[in-house]
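Colleague: Each position in the sequence shown, counted from 1, maps to that position plus 81 in the numbering used here.
Here a beta-carbon is modelled for each residue, glycine too, at the ideal position from N, C-alpha and C.
This is the structure, below, for whatever I ask next.
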Amino acid sequence: MVDLSVKIGKLKLKNPVMAASGTFGPEYGELTDINSLGAYITKTITLKPRQGNPPPRIAETASGMLNSIGLENNGVEDFIKDKLPKLSKIKIPIIVSIAGEYDNELKELAKRLNKIKRINALELNLSCPNIKRAPLGFARGRQGAQMIAQDKDATYEIVKAVRRSTALTVIVKLSPNVTDITEIAKAAESAGADSVSLVNTFLGIAVDIETKRPKLGNVTGGLSGPAIKPLALKFVRDAYKCVKIPVIGIGGIMDYKDAIEFMLCGAAAVQIGTANFVNPDTSIEIIGGIRKYLAINKIKDARSLIGKLEI
Ligand SMILES: Cc1cc2nc3c(=O)[nH]c(=O)nc-3n(C[C@H](O)[C@H](O)[C@H](O)COP(=O)(O)O)c2cc1C
């Protein structure tokens, strides 16, 4: 018997595999066994409803896809009253992904969700590339950073504010659209994050040469899928080397071998995104694949793979 369990803050996961925010809704329960996953992560919600970006919102690219959904959602009140009760068949830990555009929004959200028993953790999406209004850093005069996770001081302030507002496990989702991931990961850790997850998508553009127009209504979108895996692995390894909190690896994971690459580079757990659109059973197959790999290699627990890249 191999042990796949892992701890992220106060969260005990039976295995290190989750589906990434925005890529795996409750409707996947009809297609795969959600309760076999380590945890369930919701699509990102905001305080107030958001319409999202103009269509088209998806463009296929070589070995990946660009999306510019723009955090379309009905806001936190709808989530609590309508969406959360519909998750009652989910027996694994629930992680709610939250984002905010202005000072205090994330703090408000964290406060609002803190008292709800069924919620086990928050993932702060400080890294959505698809929302236009500049967040905290901009509001405080630090111009230039569009995402909170592009500014170490803004990251520190917002994580600290959320930390003070909730006893839930706090995972901070970071952006690869930065020059130095280590300063942002360290800022999240020193502000009290229990874990960092990375990466969110890479900003990109796709062009239709017949119309000479961008393929996405928002012009830019976030690149995900196998195309980003080598880049994401580098981000994960860099973050792993500079923080003590668990790192959750995301980016182009399609099978168990990819997941193990991330673990060797320092990921304590992994999230699967774009692959869900190809095969809803990807995460389940990855759990089985990791189990087999450990058994064949006579490794007793998955935790002993973390960061064991041999140089
Ligand atoms: C269609 C789509 C929607 C997404 N929505 C969200 C979201 O709401 N919140 C979030 O934090 N990340 C969102 N992401 C980013 C993914 O969670 C993940 O970080 C990214 O896609 C990289 O992983 P992958 O290469 O396995 O897809 C979305 C990605 C896609 C493709």
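Are the CB atoms of Leu312 and Ile283 within a distance shorter than 8 Å?
Modeller: Ile is not the amino acid found at residue 283; the sequence shown has Phe there. Closer than 8 Å, so yes.
Colleague: Please confirm whether Val259 and Ile265 have their CB atoms less than 8 Å apart.
Modeller: A contact, by the Cβ cut-off of 8 Å.
Colleague: From Phe343, Tyr337, Gln132, Gly306, pick the residue whose C-alpha is nearest to that of Lys315; which is it?
Modeller: The shortest C-alpha separation from Lys315 is found at Phe343.
Colleague: Assign Met146 to buried or exposed, taking buried as 16 or more other Cβ atoms, counted over all protein chains shown, within 10 Å of its Cβ.
Modeller: The residue in question, Met146, is buried, as its Cβ has 16 or more Cβ neighbours within 10 Å.
Colleague: On a CA-only basis, which of Thr263, Phe160, Leu375 is nearest Leu279? Give me that one, please.
Modeller: Checking every option, the nearest Cα to that of Leu279 belongs to Thr263.
Colleague: If you draw a straight line from the alpha carbon of Glu238 to that of Ala272, how long is it in whole angstroms?
Modeller: Rounded to whole angstroms, Glu238 to Ala272 spans 7 Å at the Cα level.
Colleague: Between the Cα of Ile175 and the Cα atoms of Asp159, Ser149, Lys198, which residue gives the shortest distance?
Modeller: When only C-alpha atoms are compared, the closest one is Lys198.
Colleague: In chain order, which continuous runs of the beta strand (DSSP E) of length 3 or greater are located wholly inside the region 175 to 208?
Modeller: As far as the region 175 to 208 is concerned, its whole beta strand (DSSP E) runs of at least 3 residues are 175 to 179, 202 to 206.
Colleague: Note down the Cα distance separating Pro130 from Leu152, rounded to an integer number of angstroms.
Modeller: C-alpha separation (whole angstroms): 9 Å.
Colleague: DSSP has Ala350 in a bridge; who is on the other side?
Modeller: Ile329, per the DSSP bridge assignment.
Colleague: Closest to Ser149 by C-alpha separation, out of Lys325, Ala287, Ala348, Val324, would be which residue?
Modeller: Looking at the Cα atoms, Ala287 is the closest of the given residues.
Colleague: Mind checking Thr292: buried by the 16 CB within 10 Å criterion, or exposed?
Modeller: Flag for Thr292 reads exposed.
Colleague: Which value, in whole angstroms, describes the spacing of the CA atoms of Lys88 and Ser144?
Modeller: About 32 Å.
Colleague: By the three-class DSSP mapping on this structure, what secondary structure does Ile334 have?
Modeller: In this structure, Ile334 counts as coil in the three-state DSSP scheme.
Colleague: Applying the 10 Å Cβ sphere with the 16-neighbour rule, what's the burial state of Ile229?
Modeller: Flag for Ile229 reads buried.
Colleague: Just to confirm the assignment: which complete beta strand (DSSP E) runs, minimum length 3, are found wholly within the region 274 to 300?
Modeller: 276 to 279, 283 to 286, all fully within the region 274 to 300.
Colleague: Look up Arg131 in the DSSP assignment and give the residues it is bridged to.
Modeller: Asn154, per the DSSP bridge assignment.
Colleague: Would you mind giving the Cβ-Cβ distance between Ala180 and Thr125, rounded to the nearest angstrom? I have them listed as a contact below 8 Å.
Modeller: That pair is a contact at about 5 Å.
Colleague: Judging by CA-CA distance, which residue of Val277, Ile334, Gly388 is the nearest neighbour of Leu205?
Modeller: Cα-wise, what sits closest to Leu205 is Val277.
Colleague: Does DSSP put Asn357 in a helix, a strand or coil?
Modeller: In this structure, Asn357 counts as helix in the three-state DSSP scheme.
Colleague: Any heavy atom of ligand 1 inside 7 Å of the beta-carbon of Ile334?
Modeller: Answer for Ile334: yes, Cβ within range of ligand 1.
Colleague: Measuring straight from C-alpha to C-alpha, what distance separates Asp114 and Ile171?
Modeller: So the alpha carbons of these two residues sit roughly 10 Å apart.
Colleague: How many Å lie between Asn155 and Gly133 at the Cα?
Modeller: Taking the straight line from one Cα to the other gives about 10 Å.
Colleague: For a test of your reading of the model: does the CB of Gly354 fall under 7 Å from any non-hydrogen atom of ligand 1? Yes or no.
Modeller: Indeed, a heavy atom of ligand 1 lies less than 7 Å from the Cβ.
Colleague: Starting from Ile89, follow the beta strand (DSSP E) in both directions and report where the run begins and ends.
Modeller: Element bounds for Ile89: 87 to 89.
Colleague: Near Leu390, what residues of its chain come up, given a Cβ to Cβ distance below 6 Å and the 5 sequence neighbours on each side ignored?
Modeller: Here the set comprises Leu345, Cys346.
Colleague: Taking DSSP as the reference, what is the three-state secondary structure of Lys162?
Modeller: It is helical.
Colleague: To the nearest whole angstrom, what separates the beta carbons of Thr355 and Thr123, a pair I think is in contact under 8 Å?
Modeller: Contact flag wrong, Cβ pair sits at about 18 Å.
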